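Under our numbering, the letters of the sequence shown match residues 1 to 193, in that order.
What follows is a set of notes on a single structure, which appears directly below.
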Amino acid sequence: MCHKTEIMENLEYFDIFENNLLQELMKLCTSHKMLEGTLLASDDIDERWKEYAPEYMADAVPQVNAFPAAAIAWAGYVGMAVAHRWDENWAEYATEPYDKLHGEQGFDDMDEYIVQNILGLSLEDEAAQKIEEMMRRCANTAITYIRREETEAQSTKAFYIFARTTRSMFRIGAAMELHRLGYKFEKVNVAES
């Protein structure tokens with residue numbers, strides 16, 4: 001029984017960490033006009049992260065010590081790619097394998113590959129530069145959040161915090177792309193029958 005209680009407490013801890021991080025990232029993106037105070041989302045898009053996460057983590061975890069910002073930020077680019085594909089032709093891209101998001105250098109240039117080949121932007125475009133700057137700011141904010149937890153490096157707790165952080169970045173990236181594509185939340189009044 002004690003083990004189950006401990007698991008539930010840990011789950012609640014990770015949920016709170018992720019929610020607080022997401023709220024902070026949304027505020028940051030909103031202050032830079034990349035979002036409008038809400039997390040644009042779709043169940044289809046969120047489900048893709050569940051499928052991509054194991055492979056993403058296998059790519060990103062070895063990069064954490066040398067390139068922590070990239071290991072975190074690239075999840076945002078993955079979110080942007082999935083959101084773009086969702087808008088473009090979900091029937092065609094709903095089962096696209098994760099490695100199709102890689103550039104010539106695999107994980108290392110995935111950010112540039114996604115911007116150029118999926119979003120269709122030149123790296124010199126103002127829009128591409130704004131995306132790159134926002135991803136960097138979000139990743140640095142996430143790193144600050146992670147450090148505040150004072151978690152022992154390479155511990156199970158550290159892994160789960162990193163996993164929740166990358167999921168948050170994926171969701172922020174997806175929301176940013178949906179916003180860039182013109183999606184907005186609108187209140188819908190449903191008349192009672």
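In this text, a Cβ means the ideal position worked out from N, Cα and C, and glycines have one as well.
Remember, predicted model here, so these are calculated numbers, not experimental data.
Practice task
Would you give the residue range spanned by the alpha helix (DSSP H) that Asn-140 belongs to?
Solution key: 126-148
Practice task
With Ser-168 as the anchor, note down where its alpha helix (DSSP H) starts and where it stops.
Solution key: 156-180
Handout entry: Start-to-end residues for the alpha helix (DSSP H) that takes in Tyr-98
Key = Counting along the chain, Tyr-98 falls outside any alpha helix (DSSP H), and DSSP gives it neither H nor E.
Practice task
Grab me the residues of Tyr-52's own chain with a C-beta within less than 7 Å of its C-beta, minus the 5 sequence neighbours each way, in chain order.
Solution key: Val-78 and Tyr-98
Practice task
Using beta-carbon positions only, say whether Ile-172 and Cys-138 come within less than 8 Å of one another.
Solution key: yes
Practice task
Take every Cβ of the segment 148-168, pair it with every Cβ of the segment 112-132, and state whether three or more of those distances are shorter than 8 Å.
Solution key: no
Problem - Pairwise C-alpha distance: Asn-19 and Ser-42 - result: 17 Å
Problem - Minimum C-alpha distance to Phe-67 - residue among Met-134, Arg-148, Glu-12 and Asp-109 - result: Asp-109
Exercise for the section: May I ask you to report which of helix, strand or coil DSSP gives Gly-106? Expected result: strand
Handout entry: Under 8 Å between C-beta atoms of Met-34 and Met-176
Key = yes
Exercise for the section: State yes or no: is the C-beta of Ile-143 within less than 8 Å of the C-beta of Ala-69? Expected result: yes
Handout entry: N-terminal and C-terminal residue of the alpha helix (DSSP H) that Met-57 is part of
Key = 43-60
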